[in-house]
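Asks: All residue numbers for the sequence shown refer to our numbering, where the first residue is 3 and numbers rise by one. Note that CB positions come from ideal geometry on N, CA and C, so glycine has one too. My questions will all concern the structure given below.
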Amino acid sequence: MNESMLRRLGWAVLVNSALMGQAAAQGDSDLDAILGPSESPTESTPPASAPATAEAAPAPAASEPAPAATAPQAAAEPATGEAVAPEAAASGPRTVKNRLTEEIVVTAEKREENLQEVPTSVSAFSGAALDAKGVADIKDLQLITPGLQYDSMASYSIIFIRGIGGDAFQAGVDSSVATYIDGLYLPFTFSAAQALGDVKQIEVLKGPQGSLYGRNAIAGAITIKLKEPTKDFAASVLAQYGNYNDAKTKISVSGPVPFTDQSLLYSASFVYQNRDSYTTNFFDPNEPDYHSYRNRGYRGALQWDPIDDMQFGVAFYDLKSQDPDSVATNLLTVAPLFKAVLTPNTEKNKSGNVSSIGVFARTRIFSAYAENKMSDYFDAKLIYGKTAANSTILFDYDSAPEPVLDISAVPNRANSESFELIFTSSAEATPDWLEYVGGFYYESTKKTGRYPATIDPLAYGLNIAGSAVLGSPPVLCQIYANIGGDCSANADTNKNILVNVPIYGGVANKAKSFYGQLTFHITEKFSVVAGGRASREDTKLLFAGVGVKLVIPQLGGGVLTTPQLNAIQYAPQQKTFQSFTPTVGLNYKLTDDILLYYKYSEAFKSGNYNGLNINNPPTRVEPELASSNELGFKSSLLEDRSLKLNGAAFLTTISNAQLQTLSLTSGGVTKLQNAGSYSVYGAEGEVNWFVTDALVLGLTGVYLKGTYNNFTGQGFNDLYLNQNNIDFSGKTTVRTPKFTGTASANYTFPFFFGLDAELAGDVYYTSGFYYTANNSLEQPSYYLLNARFGVYDPRSRVRVTLYGKNLNDDTYYTNAYRQDFGDTVIWANPRTYGVTVSWEYGN
3 MNESMLRRLG
13 WAVLVNSALM
23 GQAAAQGDSD
33 LDAILGPSES
43 PTESTPPASA
53 PATAEAAPAP
63 AASEPAPAAT
73 APQAAAEPAT
83 GEAVAPEAAA
93 SGPRTVKNRL
103 TEEIVVTAEK
113 REENLQEVPT
123 SVSAFSGAAL
133 DAKGVADIKD
143 LQLITPGLQY
153 DSMASYSIIF
163 IRGIGGDAFQ
173 AGVDSSVATY
183 IDGLYLPFTF
193 SAAQALGDVK
203 QIEVLKGPQG
213 SLYGRNAIAG
223 AITIKLKEPT
233 KDFAASVLAQ
243 YGNYNDAKTK
253 ISVSGPVPFT
263 DQSLLYSASF
273 VYQNRDSYTT
283 NFFDPNEPDY
293 HSYRNRGYRG
303 ALQWDPIDDM
313 QFGVAFYDLK
323 SQDPDSVATN
333 LLTVAPLFKA
343 VLTPNTEKNK
353 SGNVSSIGVF
363 ARTRIFSAYA
373 ENKMSDYFDA
383 KLIYGKTAAN
393 STILFDYDSA
403 PEPVLDISAV
413 PNRANSESFE
423 LIFTSSAEAT
433 PDWLEYVGGF
443 YYESTKKTGR
453 YPATIDPLAY
463 GLNIAGSAVL
473 GSPPVLCQIY
483 ANIGGDCSAN
493 ADTNKNILVN
503 VPIYGGVANK
513 AKSFYGQLTF
523 HITEKFSVVA
533 GGRASREDTK
543 LLFAGVGVKL
553 VIPQLGGGVL
563 TTPQLNAIQY
573 APQQKTFQSF
583 TPTVGLNYKL
593 TDDILLYYKY
603 SEAFKSGNYN
613 GLNINNPPTR
623 VEPELASSNE
633 LGFKSSLLED
643 RSLKLNGAAF
653 LTTISNAQLQ
663 TLSLTSGGVT
673 KLQNAGSYSV
683 YGAEGEVNWF
693 VTDALVLGLT
703 GVYLKGTYNN
713 FTGQGFNDLY
723 LNQNNIDFSG
733 KTTVRTPKFT
743 GTASANYTFP
753 FFFGLDAELA
763 GDVYYTSGFY
773 YTANNSLEQP
783 SYYLLNARFG
793 VYDPRSRVRV
803 TLYGKNLNDD
813 TYYTNAYRQD
823 FGDTVIWANP
833 RTYGVTVSWE
843 YGN
C-alpha cells in the first residue's frame, strides 16, 4: 500500500468520523509513524522543551510506562529531594495553536499600531480570524462586531453603527458609514454588500470619524484590506457546497513576475458563487422559480518595489452579482384602503412577487498608489481611484401577489474619481513627543437613477372607491365587470390598459478637504490629540423629471407601448456646503497594559436633493452633522496578558438627520427629510480570553438608548395614510436595539492521524428595534446559533470545515418599512449548512 493510498484512507476515516461526530481530543497519528511527521507544521505548536525539528519522535503519553532504558533515570532523585519528572511528562502532549491568537495591527489612525494601543473603539479581524469565525460575506460582520448592523435592500447597503446610520435605498443617497477598499473610499452604497474576496484584514471604526476619514463617516468607517502580492509563489483554492445548492469557488495566485528580480510582483483572484433563492412563491405554485443568487468576479494587482522605501501598485476589481432575495418583498399587513385588493403573507421565506424580480449589479474599481518612505521628515502616500457601478432592480412596490404597482430601477449608475495624498510623521525625524498625520482629498461623483413605475389605475381605483363607499365586496368592480371590464388585479386575466411612469433624476458632487491630526506625548503616560478636517462640497441636481407612456394589450396577444412623453421636467439646482469637523482626545496609560482615553469628534454627511419626484418640485436636503463624546479603556489583564478587556461609554447627537419616507403621495417614490435632532447614548464591552494557545472565549455586549429630541415631519399614521407634521419627538430612533450581544468559543486540538481539529460556535442575540420613526413597525427579538467543525492537515495544508448558520432557524427580517399599501418585510436567511474545503500553497 503506497503513501497516496494511505493518505486517501486517512481522509476517508476523517470525513466519516466528522460526519458521525466521533472527534478525538488527542492522539498523534499512525500516519506519522508510517509516512513521517509533517514538514510544514504551520498551525501545530511543539512543546517548549522539544527541539525545533520535524524529525523528533512523538513522546509517549503520560499514562503509559516509560521505556525500560529510561526508567532508572526517571526514578532517580537529586540531592535536593526534588523529583525529576519523566521526559514524556516534561514534553507534554502536542498542542494546536488557535488561529485567533495572532496579534492584530491596525491603521485606524492612518498609521500602523497595535489594536490595544489605539485610543478609539475599533474591531479588527485578520483573514484567518474571519474564516475561523465563519464570516463569508461582509454582512456577517454584524454577528461578531459589537454595535454593527449590516443589511441590504435591493442593491443598497444599509449600515448602522451604535444606532447611527441611514436606511435610504435610492441612487443618489450617501451612506452614513464610510467604506474603504485598500484605502479607496467608495462613495455610494449599492453593490457594496458583496461576497468577500481574498481578504487580508477588516477594521470597523465606531463613532464619527470626520477628521481622518472625511465625508459620510458620521457613524463610523469600515476598511477592507485585500491581500498584497507575495515575493514567492503562493496559491489558494476554496470550494464550498451547502443547502439551497450553494456552490462557491475562490482561487488566488500570487508571486514574482517571471524574469524579474522579485521587484515586480503580481496577484490574481477569482470568485464564483451560485445558489438557489431562499424564497419561494406562496401565491402561485405554477410561477417559475426566482432567479438564483450569483456572484462572479475577479481582481488583479501589480506591485513594484524599484528601491527600498518606495513602492508603486495598481489593482483592478470587477464583480457582477444577481440577487432575488433582497427584493423578495412580502406584504405583512395590508393598509385598510387596500384590504379588498391585496393579499397579505406572514409565512417565512415566502413571497407573492412575480419571478422576474431581482437585482442585477456590477461594480468595477481601478486603484493605483505610490508610497515613499525615503524622506527624512515624513512618509507620503498617494491613492488614486476610479469606480463605476450600475444596477438594474426589478421590484414589486406593493409587495403583494396582485400586480397593482411594480417599480424598476433601469438602470442606477454611479461613477466616481478620487485621489488622496497622505503624510505621516517619520519616527526617525520627528521628535519623540510628536506624531502627526495629514492630507488632502478630492472626489468627483455622479449618480443617476431611472425608476419606471407600472400601475393599473383602474383596477385598484375601483376597488378602493367601491370598498370605501359601498363596502366589501366592491360593487363598482362588479358593475365594471358586467360591461366587459376587469378590475381583479389578476396578472393572468387582467387586460386593462397600464400606465408606465418613468421617474428619473441625477445628482453630481465635487468634494475637497484638508485634514490633519497631531498627537502630543506630554509624558510617557499622558498624550493629547488634536485634529480637524475642513471640507467643501458642491452638490448639483443635474436633472429630474417624470415621463408617461401607455401599455395597451392587443387582441391577438402582446402589448403596444406608446412613445414616452416627458410630462414634467424640473430645473437644475446647485448648493455649496462647507464644514469644519474637529477631533480632541486625551489618552492616559494607567499601566503598561491599561489604556484610558477620552475622545470628542464630529463628522459631516453631504447635503443632497430629492431628485425622484412626481408632483412636487425637488427639495434640498440639508447636511447631517454628528458630534460624539466617548470615554473608554483597553486592557490586557492577568500575568500573561491573556485576557483582553475593552469597553467604552458614548453619547452621539445628530443634527438635521436624513430620514427616508417611502410613499407615492410624498411627492416622489422615496423622499429624504431632515429630522431636527436625535441622540443615542450607550455602552459597549468586549472580552477576549485566550485561556490557552488552543482555547479562545469571547463575549461582547452593547446597550443603546436612542431618542428623537425634536422631530416633526412626514410619515404614515395608524390608518396607513401619509401625513405631514407628525410629532416624532420622544420616540425611539430607528434600528437602535436596546441590547445586542455575542458569546463565542473556539477550540483547537489534535485529531486522528496527525490532523488538527477546530471546534467553534457562537450565539448572537438582539432585543429587537423599530424600523419606523413613529415606532409602528418592529423587529422582534431573536437569536442566531452558528457552529463550525473543521480539520486541518499541516502536511498538505488542506482544511475541511462543516458549518451551520442560524441552526435554530429563527425568523427575522433583513429589512422592513411602511408604504402606501401596508407593512412590507424582507425575510432574512433561513437555516443554512454545508462543507468548505480549502488548500494553500506557499505563504
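Can you give me the C-alpha to C-alpha distance between residue 609 and residue 439, rounded to a whole angstrom?
Replies: 27 Å
Asks: Does the separation of the CB atoms of residue 303 and residue 205 fall below 8 Å?
Replies: No, Cβ-Cβ distance for residue 303 and residue 205 is not below 8 Å.
Asks: Quick check: the segment 347-362 against the segment 331-338, are at least 3 beta-carbon pairs closer than 8 Å?
Replies: Touching, per the Cβ criterion.
Asks: How is residue 812 classed by DSSP in three states: helix, strand or coil?
Replies: coil
Asks: Whole beta strand (DSSP E) runs in the segment 216-288 with 3 or more residues, listed along the chain?
Replies: Entirely contained in the segment 216-288, the beta strand (DSSP E) runs reaching 3 residues are, in chain order, 222-228, 236-244, 248-258, 266-277.
Asks: So for residue 539, helix, strand or coil by DSSP?
Replies: strand
Asks: Between residue 541 and residue 450, what straight-line distance do the alpha-carbon atoms span, to the nearest angstrom?
Replies: 13 Å
Asks: Span of the alpha helix (DSSP H) holding residue 678?
Replies: Segment 672-692 is the beta strand (DSSP E) holding residue 678; no alpha helix (DSSP H) there.
Asks: Per DSSP, which one or two residues make a beta bridge with residue 586?
Replies: 532, 602
Asks: Can you look up residue 119 in the DSSP assignment and give me helix, strand or coil?
Replies: helix
Asks: As a quick exercise: from 527, 547, 536, pick the residue whose alpha carbon is nearest that of residue 593.
Replies: 527
Asks: Mind pulling the beta strand (DSSP E) runs of 3 or more residues that sit fully within the segment 382-430?
Replies: 407-427
Asks: Residue range of the alpha helix (DSSP H) that residue 130 falls in?
Replies: Where residue 130 is concerned, the enclosing alpha helix (DSSP H) stretches over 129-134.
Asks: Taking Cβ positions, are residue 808 and residue 786 nearer each other than 8 Å?
Replies: If you check the CB distance, residue 808 and residue 786 come in under 8 Å.
Asks: In the DSSP assignment, find the unbroken beta strand (DSSP E) run with residue 155 in it and report its ends.
Replies: That run of the beta strand (DSSP E) goes 150-155.
Asks: To the nearest angstrom, report how far apart residue 421 and residue 313 are at their CA atoms.
Replies: For residue 421 and residue 313, the distance between alpha carbons rounds to 17 Å.
Asks: Buried or exposed: where does residue 177 fall if 16 or more other Cβ atoms within 10 Å of its Cβ makes it buried?
Replies: buried
Asks: Can you tell me the Cα-Cα spacing of residue 336 and residue 399, whole angstroms?
Replies: 13 Å
Asks: For residue 578, list the residues DSSP reports as bridge partners.
Replies: Per DSSP, 540.
Asks: In chain order, what residues of the same chain lie with their CB nearer than 6 Å to the CB of residue 816, ignoring the 5 residues before and after it?
Replies: In chain order, 153, 828, 830 place their CB closer than 6 Å to the CB of residue 816, counting only its own chain and leaving out the 5 sequence neighbours on each side.
Asks: Select from 834, 783, 801, 806 the residue whose C-alpha is nearest the C-alpha of residue 814.
Replies: 783
Asks: Taking the CB atoms as reference points, tell me whether residue 506 and residue 534 lie closer together than 8 Å.
Replies: no
Asks: Report the rounded CA-to-CA distance for residue 308 versus residue 604, giving the unit in angstroms.
Replies: 40 Å
Asks: Examine the Cβ distances between the segment 373-382 and the segment 404-414 and report whether three or more of them are shorter than 8 Å.
Replies: no
Asks: What would DSSP say about residue 144, mapped onto helix, strand or coil?
Replies: helix
Asks: Is residue 233 closer than 8 Å to residue 202 when the C-beta atoms are compared?
Replies: no
Asks: Pick from 581, 324, 615: whose alpha carbon is nearest that of residue 548?
Replies: Distance check between residue 548 and each of 581, 324, 615 places 615 closest, using alpha-carbon atoms only.
Asks: If you drop the 5 nearest sequence neighbours on each side, which residues of the same chain put their C-beta closer than 6 Å to that of residue 238?
Replies: 254, 842
Asks: According to DSSP, simplified to helix, strand and coil, what is residue 655?
Replies: strand
Asks: Based on Cα-Cα distance, which residue from 587, 190, 560, 618 lies nearest to residue 571?
Replies: Checking every option, the nearest Cα to that of residue 571 belongs to 618.
Asks: Based on DSSP bridge pairs, tell me the residues matched to residue 796.
Replies: Answer is none; residue 796 lacks a bridge partner.
Asks: To the nearest angstrom, how far is it from the Cα of residue 369 to the Cα of residue 514?
Replies: Whole-angstrom Cα-Cα distance: 19 Å.
Asks: Pairing CB atoms from the segment 123-131 with CB atoms from the segment 735-742, are three or more of them under 8 Å?
Replies: no
Asks: Thinking just about the alpha-carbon of each residue, which of 582, 821, 323, 763 is nearest to the one in residue 273?
Replies: 323
Asks: Candidates 554, 525, 519, 546: which alpha carbon is nearest residue 501's?
Replies: 554
Asks: Going by beta-carbon coordinates alone, are residue 844 and residue 127 separated by less than 8 Å?
Replies: no
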